[in-house]
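Structure first, then comments.
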Amino acid sequence: MSTELSGTNAARIASTLLVERRKAGSPSMGMVLTFVVITDEGDHYDALRAARAVSREHPSRILGVIRRSHRGPPNLDAEVKIGDGGSGESVLLRMSGELVGHPESVVLPLLLPDSPVVVWWPGKAPDDPAADSIGALAQRRITDTAASERGRSTAMLTQARNYADGNTDLSWTRLTPWRALLAAALDQYPAKIQGGRVAAERANPSADLLVAWLSDRLSIAVERVTSKGPGITAVALMTGGGEIEITRPDGLLAEFSIPNAPNRPVALKRRGLAELLAEELRRLDPDDVYDDTVKELCRLADRASSAAKPKKAVATRRSTKKPANTSVAKRRAAKKGAAKKGTAKKGAAKKASKG
8 MSTELSGTNA
18 ARIASTLLVE
28 RRKAGSPSMG
38 MVLTFVVITD
48 EGDHYDALRA
58 ARAVSREHPS
68 RILGVIRRSH
78 RGPPNLDAEV
88 KIGDGGSGES
98 VLLRMSGELV
108 GHPESVVLPL
118 LLPDSPVVVW
128 WPGKAPDDPA
138 ADSIGALAQR
148 RITDTAASER
158 GRSTAMLTQA
168 RNYADGNTDL
178 SWTRLTPWRA
188 LLAAALDQYP
198 AKIQGGRVAA
208 ERANPSADLL
218 VAWLSDRLSI
228 AVERVTSKGP
238 GITAVALMTG
248 GGEIEITRPD
258 GLLAEFSIPN
268 APNRPVALKR
278 RGLAELLAEE
288 LRRLDPDDVY
298 DDTVKELCRL
308 ADRASSAAKP
318 KKAVATRRST
328 KKPANTSVAK
338 RRAAKKGAAK
348 KGTAKKGAAK
358 KASKG
């Protein structure tokens, strides 16, 4: 059941939700949270479809927010749906004009009372989600740096530096099966870990987080290797007796191997958006492990940056010495030339006197 509202306001939208809920035969609200999806015209269909799929497990009021042009008079259009592919309510809000700069003024009156708020940016997210006008309303803020068109690793590092309680990224959620397998591997083969290796496609935020997690938890140096993908293709932990390794070349089935034991196939498929979001909504308190991991990611990035600076300084010193050497050589060559000319003049004078 869908209702279109043009040139509307938050009060009219709330009234329409109540009327449509009664028409559907469910006047009472059985929803557990408000799920705000900040998207755009190009991606809103897939994003809201994933949100509605999640609402089967977590009944929620879904508020899709699309910010259009700042130009023109303020305007708000809404599309209200009840029970369409989910067990909650869905409202798609299209804002333009001055409302684009103040979306929280529309979202705030539509939040469920006494219920948690979750905000998800399926595409480009603000550098500091907790400082965003809508993000500040939420207990959980979900970003997805893997959805960035470019600079994914840089985007992940930016989110790590601006971490606040309640922030998370789906790149971290994608690591849950990998982390569970690696923890189980160390239970089966308890040994001192001497080093690690993570192979993944270039600019993969999940791989960057996995390197940081292993480095933080095991206090080891972890090598980052580039592969063809998809996603993470292999993780290896080096021990005195051999390597503990998980390889997944096709994104579906992995092979698990430990020293002195036969290799075993393990289901390790790449999960969809709905599964990732459902996992995140099961826990709304701060994630301490993610907090430690992003701090380690920042430390590793700072260490790599400081290690690269001396090389640049040496190159700069070498480049500044070359012009000085060149000028000295020119002065010496000029002196030699002048001396030769003086000797030649003296020889010519002697010959003239003899003649």
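Residues in the sequence shown are numbered from 8 upward in steps of one, following the working numbering.
Even glycine gets a Cβ: it sits at the ideal position worked out from N, Cα and C.
Quick caveat, the model's predicted, so the values are computed rather than measured.
Secondary structure note for Asp176: its beta strand (DSSP E) is the uninterrupted segment Asn174 to Asp176. Just so you know, the alpha carbons of Val98 and Ile69 end up roughly 6 Å apart. For Pro136, the secondary structure class from DSSP, reduced to helix, strand or coil, is helix. By the neighbour-count definition (other C-beta atoms within 10 Å, threshold 16), Tyr52 is an exposed residue. Distance check between Val124 and each of Ala31, Ile149, Ala241 and Leu40 places Leu40 closest, using alpha-carbon atoms only. In terms of Cα proximity to Asp294, the closest of Thr46, Gly173 and Leu100 is Gly173. Taken through DSSP and simplified to helix, strand or coil, Ser97 comes out as strand. Annotation for Met245: the continuous beta strand (DSSP E) segment containing it runs Ile239 to Thr246.
DSSP lists Arg204 as the beta-bridge partner residues of Glu230.
Using a Cβ-Cβ distance cut-off of 8 Å, the segment 198 to 217 and the segment 229 to 238 are in contact, since at least three pairs of beta carbons, one from each stretch, lie closer than that value.
When the five nearest sequence neighbours on each side are left out, the beta carbons in the same chain lying within less than 6 Å of the beta carbon of Gly249 are those of Pro266, in order along the chain. The residues Met38, Val39, Leu40, Thr41, Phe42 and Gly95, in chain order, have a CB closer than 7 Å to that of Ser67 in the same chain once the five nearest residues on each side in sequence are set aside. Taking each of Arg224, Ser226 and Arg278 in turn and checking the Cα distance to Gly238, the smallest one comes out for Arg278. At the C-beta level, Ala58 and Gly71 come within 9 Å of one another. Between Glu111 and Ile141, the beta carbon gap of about 5 Å places them in contact (Cβ cut-off 8 Å). Taking a C-beta distance under 9 Å as the contact criterion, Thr10 and Glu27 qualify as a contact pair. Counting only unbroken stretches of 4 or more residues, the alpha helix (DSSP H) elements lying wholly within the segment 251 to 306 are 280 to 288, in sequence order.
Taking Gly90 as reference, the option from Pro120, Pro81, His77 and Arg56 with the minimal CA-CA separation is Arg56. No Cβ-Cβ contact shorter than 9 Å links Arg159 with Asn82. The residue among Lys131, Arg157, Gly236 and Ser122 with its C-alpha nearest the C-alpha of Leu144 is Ser122. DSSP places Ile141 in the coil class of the three-state scheme, outside both helix and strand. Per the C-alpha coordinates, the member of Asp292, Leu193 and Leu216 positioned closest to Ser264 is Leu193.
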